[in-house]
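These protein sequence lines are chains C and U, in that order. Numbering-wise (the numbering used here), the first sequence opens with residue 1 and increments by one. Numbering-wise (the numbering used here), the second sequence opens with residue 1001 and increments by one. Each residue gets a CB set at the ideal place from its N, CA and C atoms; glycine is no exception. In this text, all values refer to a predicted model and were calculated from it rather than measured experimentally.
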Amino acid sequence: MRAAALLLFFVGCVSAQGRLTRSILVKPSEDRQAYVRELKSKARAKNLAYAQQWLRLGHWEKSWTGSYESQADGENFFLSKDGKRHPELELDATLDGFFSELQPFDAKAPENKPLQHPRCQFPARFMWLSQQLAIDQARLPPADCSRFEDFKKSVAAESATMVFSSYYLNNPASAFGHTFLRLNKKNDEGISEDRRRLLDYGIEFSADPDTTFAPLYAIKGLIGAFPGTFRKLPYYFKVRQYNDFESRDLWEYKLKLTPAQLDVLVAHTWELGSTFFDYFYLTENCSYHLLGLVEVAAGVDLLDHVHWPVIPADAIKTMFEHDGFVEKITYRPSARTLFRYRIHDFDGDERTAVADLSEDPKTKLAMADGKERIRVIDAAQDLIDIRFAKELAKDDRESEGARRKQLLLERRAEILSQSEDLTPPVPWSKMPQLGHASRRLSIGAGADFNTPEYGRMTAGRWVSVGARIALHDLADPSDGYPELAQLEFLPMRARYDFATNDFMLEKLDLVHVLSLTSQDRFDRHTSFEFRVGSERIIDEGCNCYAGHLEMGAGLAFGTYGDRLTVFGLVHTHIWVGKDMDGIAHAPIRAGLGPGGGLRIRILPELISLTTGEWVWLPWQTGFHTWNVGTTLRWQFVRMLALDVDARLQNKTASGVVSTMLYF
Amino acid sequence: MKTFIMGVAVLALATIAGESKPAMAQGGPAYGAAGCGLGSIVFGNKPGFMQVFAATTNASFYSQTFGITSGTSNCADTGGGAPAAAAFIQTNREALAKDISRGNGETIKNLATLSGCADSTAVGVALQKNFKAIFPSATVSNTMVSSSVLTIMREDKSLACTRLI
């Protein structure tokens, strides 16, 4: 984090700091000082500065050298100027602060915005220390906590829910998911849930990027050069953003918290609101600090259960480490899910009518009955919303989407009959906590059967080892994951050949994504593949290790609810390797050709995937290359899968049986 | 899809490849002209592939202030009453328009709660009947929509929307 701060110095300052609370504290009166001294010695006697809860409240982490450092990076989060590294100094300063009065300041001046009385700025610290030290409230100086009180009143929390936003179609990277917290409002008037849920507040932690220049954005995100802050947003923002604009289903996990714990949650949310944390995409990200917040309130270990990289779906799994901590799970379907359900029992004529209406809202409808017309018009409205989601969300009022939607809505409103609520079945098997763990290790035994013309041995036996940092491929067990999306981050495979005593790397990719979308009349999304990394090539042109970039696009067709999927893609490749005999004998190769595959989900835990590809290598030795392979993977217990893989590549046939460990 | 591939490619080759559109002006908060419309708040003015990045890395580009202590936007109040109802209508405009044409839906029910109306079904019926008055064309502004909706709810005494008075 220090390195990141140093870098910040070079790339520009991100967050303007106002004045610090500690700069306006007035030394307490003599009798208060005496009382504070008493409290401090009591705290020392109880070693409170290193109590787990105090360390959580200040987000201090112990480093390998035994020193402490807080992950909070906002200067004003500390009342002691050395508080970031010294929990004990911060505890003393906090007690001093509670009993201090403030110098007068102009509350309206922007630079004074961060200023609050320490008791108001740190209500969770105050609650905890009051309890631990039995602080005599009568001896405290007056403090105006109206801002915190307003905040508390506005969220009016009765319970809290962790919300997980799932996969975003056609964007496999989103398979990592997103998490945020919802504070559920008190409901004194007995209003049913469907009439008030949108009015709750969401609490999220996210980065505030200061650049849209992509390379800089990527680098700054990886090294933590963006500040991340906590925000409060009405839940309806999040619903519109995720359910509608991005068509992502939301999973809601209601947490078991006592009223006292909930008070701590709200108070600590407020405390965190006055600071920022350097945002690291892979570690201290949206999920990490939310878990830290929940941990403070619930007094359970959550952060100890997450590992690098911190994946939002793993954050959800973490909450299931504690029996009964998740009280209730609800599902909020996306626009796309609702549309799919709306048309699931439509006949051919109705489907045609929906398609026609979405193209021309004035299409004459054959059905005379009002109810039937409502069915097709409502579905066509949903389709327009999905298809034109972007321009509608951007409020582009002159757009084609807005025009068609207006006509369809007018047409619907003429039928003065109310549509019924739609409740699609909950896809329980897709709950993120049911997914296999995000990291994978594999070990296998295999054999080659080849003709020796490329200088390799024949009928050799070998052992293969594989590892992957994250997350999922098309043959992995499908529960808890999008059915037809693959996202692999740093997958690698190596083998040890018994005959030659060689240990060699076969493949190391940075990222490999494959996104398939089944074609139908309402969804024409193309399917695509992208891979960047490196691999060993063994053919007429080379027996060498090369960097590899691959892009492909095509179509997929599925049936039986995506149990059976066929796909065809056209791929382009570029390989660069120093021992390669490529284009005009240069160490670079380029290829183009068709590929395809068949995926059968026999059971969610038993999947077969067959793929093949032919690549034309113009003006290169060998002229072309090809491979086919088939994999059958069976998850026989939660953490383990058995994988049988057979492959034919140029003139080599190979087979390997592996065990895969998800952890 | 192309934008996605671009996005990942740039992310992967960030240190090497320089190909990318220069950052577009972030566009100051459009509050006022666009009211609390979703477009002015969530999406801002940014190139397409940055949206993919944002979705992937969970960054946000809110152009209004939603901090916890730093003063929350006017568009973020859900406490009830006319200003909160107006912000709700503007932000939920697309979903609400659809629900009004159908005379029922989640946004109508929540709006009825926010406005203190006795019966959300009756609100749905009343708004559906007035669809053309609220949405005379596709181009009507968000603020116009919210003021029409609130007027209808306020003036129809049978709805008893007590928090709007």
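> Of all the CB atoms in chain C, is at least one closer than 8 Å to the CB of S1137 of chain U?
Replying inline: yes
> For T625 of chain C, which three-state DSSP category applies?
Replying inline: strand
>> To test your reading of the DSSP string, which unbroken beta strand (DSSP E) runs of 3 or more residues are found completely within the segment 7–64 of chain C?
In response: 60–62
>> Only counting the same chain, and skipping five residues up and downstream in sequence, which positions put a Cβ closer than 7 Å to that of A1097 of chain U?
In response: F1135
> Quick one: what does DSSP say K238 of chain C is sitting in, helix, strand or coil?
Replying inline: helix
> What residues from chain U crowd round S419 of chain C, counting only those whose CB sits closer than 8 Å?
Replying inline: R1102, G1103, N1104, G1105
> Listing by chain order, which chain C residues have their CB less than 9 Å from the CB of I1089 of chain U?
Replying inline: In chain order: nothing, as chain C lies at least about 11 Å away.
> Would you say L1164 of chain U reaches chain C, if we count a Cβ-Cβ gap shorter than 8 Å as a contact?
Replying inline: no
>> Judging by CA-CA distance, which residue of C:Y331, C:L290, C:Y217, C:L48 is the nearest neighbour of W251 of chain C?
In response: C:Y331
> Any chance the segment 394–405 of chain C sits against the segment 311–322 of chain C, with 3 or more Cβ pairs inside 8 Å?
Replying inline: no
> So what does DSSP say about N1130 of chain U, is it helix, strand or coil?
Replying inline: coil
>> Please list the terminal residues of the continuous alpha helix (DSSP H) segment that includes F126 of chain C.
In response: 123–133
>> As a quick exercise: from C:L282, C:L603, C:G597, pick the residue whose alpha carbon is nearest that of G612 of chain C.
In response: C:G597
> How is the alpha helix (DSSP H) around G221 of chain C delimited, first residue to last?
Replying inline: 214–223
>> For T1015 of chain U, which residues in the same chain have their Cβ closer than 6 Å to its Cβ, ignoring the five residues on either side in sequence?
In response: A caution first: T1015 of chain U carries a pLDDT of 30, below 50, which makes its placement in the model unreliable, though a value can still be read off. Contacts found: none.
> For A1025 of chain U, does the three-state DSSP call read helix, strand or coil?
Replying inline: Because A1025 of chain U carries a pLDDT of 32, less than 50, the predicted location of this residue cannot be relied on, and the following value inherits that uncertainty. A1025 of chain U falls in the coil class under three-state DSSP.
>> Nearest by alpha-carbon distance to E488 of chain C: which of C:L474, C:D347, C:L216 is it?
In response: C:L474
> Exposed or buried, what is I1165 of chain U when buried is set at 16 or more other beta-carbons lying within 10 Å of its beta-carbon?
Replying inline: exposed
> Comparing the C-beta of G224 of chain C with each C-beta of chain U, is any distance below 8 Å?
Replying inline: no
> How about the segment 226–243 of chain C and the segment 37–46 of chain C: do they share at least three Cβ pairs that are nearer than 8 Å?
Replying inline: no
>> Just to make sure I have the definition right: I need the residues of chain C whose C-beta is within less than 8 Å of the C-beta of G1081 of chain U. Which are they?
In response: Per Cβ cutoff of 8 Å: no residues; G1081 of chain U is ~12 Å from chain C at best.
>> One question on the structure: do G1124 of chain U and G1103 of chain U come within less than 8 Å of each other, judged by their Cβ atoms?
In response: yes
> Are the Cβ atoms of F1131 of chain U and L1111 of chain U separated by less than 8 Å?
Replying inline: no
> Is the beta carbon of Y253 of chain C sitting closer than 8 Å to the one on I203 of chain C?
Replying inline: no
>> If you follow the beta strand (DSSP E) that M660 of chain C is in, where does it begin and where does it stop?
In response: 652–662
>> Would you say T630 of chain C lies against chain D (beta-carbon separation less than 8 Å)?
In response: In the structure shown, chain D does not exist; the protein chains are C and U.
> At least one CB of chain U closer than 8 Å to the CB of W270 of chain C: is that the case?
Replying inline: yes
> Are three or more beta carbon pairs between the segment 516–536 of chain C and the segment 436–453 of chain C nearer than 8 Å?
Replying inline: no
>> Considering only DSSP beta bridges, list what V163 of chain C is partnered with.
In response: C:F180, C:E252
>> To test your reading of the DSSP string, which unbroken alpha helix (DSSP H) runs of 4 or more residues are found completely within the segment 1088–1115 of chain U?
In response: 1093–1102, 1106–1114
> Any Cβ of chain C within less than 8 Å of the Cβ of L1038 of chain U?
Replying inline: yes
> Under the three-state reduction of DSSP, which class applies to M580 of chain C: helix, strand or coil?
Replying inline: coil
> By a C-beta neighbour count over all protein chains shown, 10 Å radius and 16 as the cutoff for buried, is G324 of chain C buried or exposed?
Replying inline: exposed
> Between which two residues does the beta strand (DSSP E) containing I329 of chain C stretch?
Replying inline: 326–332
> Looking only at its own chain, which residues have a Cβ that is under 6 Å from the Cβ of Y595 of chain C, when we skip the five neighbours before and after it?
Replying inline: Here residue 595 of chain C is Gly; the residue named in the question, Tyr, does not match the sequence. Answer for G595 of chain C: L569, H571, E613, listed in chain order.
> Out of curiosity, what's the CA-to-CA distance linking D356 of chain C and G1039 of chain U?
Replying inline: 28 Å
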